[in-house]
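If you use full-length UniProt numbering, the sequence shown closes out at 181, no skipped numbers anywhere.
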Amino acid sequence: EEVEAIEAILAPGDVERIGENRVRVRVAPEPDGDGHVYGTASLEFVFPPEYPSGKVPTITASSGEGSLSEEVLAEVKAVADQTAADNLGGVVVFVVADAVREWLQEHTREEAPSQPQPAAPAGPAVGVEGADEEDELDVDSEDLDGEMVEALKEVLRDDAAKLRELRGIKRMEVREQKTAL
């Protein structure tokens with residue numbers, strides 16, 4: 001059920017089932033507004049029979065597009081393992097992927113290939129009245145968190161305890177939601 005929720009949340013092709021107890025997740029931070037791009041990693045999770053209540057999955061990290069050095073991959077694995085350990089007893093795939101995505105954004109920033117940029121439209125951004133483009137991105141991010149909560153509700157509909165926990169998460173502030181999810 002966890003993998004189904006992750007498939008609903010992440011981009012098509014970013015989640016690959018490798019077997020009954022294995023899944024590979026591509027972690028690729030989006031380029032920022034200044035045109036910087038980031039390293040991409042692939043995380044493979046192997047779920048033991050005791051997962052999630054008694055053990056965390058075994059996680060391996062490999063380089064995605066481009067090439068991450070062995071040192072960077074070791075750091076990615078350390079972040080993944082620590083995040084999984086910190087969340088022992090719960091589902092961890094999304095939390096681990098999100099922690100690795102944030103780490104990649106902080107540590108693997110590269111210059112984007114130079115390409116002509118389209119001219120920016122004159123005047124305020126279309127959308128929320130009085131909002132600039134950066135505000136719209138924040139709104140989109142909040143919408144994504146809400147969509148993730150709804151997708152998780154659907155997957156967890158038969159698990160009353162997890163649904164109660166999810167309802168509590170839905171009432172949190174956006175930053176707290178991201179951490180809790």
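We treat Cβ as the ideally placed atom computed from N, Cα and C, and that holds for glycine.
Predicted, not measured: the structure shown is a model, and the values here were computed from it.
Beta-carbon gap between residue i and residue j smaller than 8 Å
i, j, result
"Gly89", "Pro52", "yes"
"Thr58", "Val46", "yes"
"Ala80", "Val96", "yes"
"Val27", "Val15", "no"
"Pro29", "Leu104", "yes"
"residue 183", "Val37", "Here the chain has residues from 1 to 181 only, and residue 183 is not among them."
"Glu50", "Thr60", "no"
Three-way DSSP call (helix, strand, coil) for residue i in this model
i, result
"Ala11", "coil"
"Thr108", "coil"
"Leu43", "strand"
"Glu165", "helix"
"Glu50", "coil"
"Leu73", "helix"
"Glu16", "strand"
Option in the options with minimal Cα separation from residue i
i, options, result
"Glu2", "Pro57, Val93, Val37", "Val93"
"Arg101", "Gly33, Leu68, Ala41", "Ala41"
"Gly33", "Glu165, Glu110, Val56, Lys77", "Glu110"
"Asp98", "Glu4, Ser67, Pro12, Ala180", "Ala180"
Nearest-angstrom beta carbon gap, residue j and residue i [assumed within contact, 8 Å]
i, j, result
"Leu39", "Thr108", "Looking at the sequence provided, one finds Gly at residue 39 rather than Leu. With 8 Å as the limit, Gly39 and Thr108 qualify as a contact, their Cβ atoms being about 3 Å apart."
Residue i, enclosing beta strand (DSSP E) - first and last residue
i, result
"Ala61", "58 to 63"
"Val92", "First-last for Val92: undefined, no H or E at that position."
"Val23", "22 to 27"
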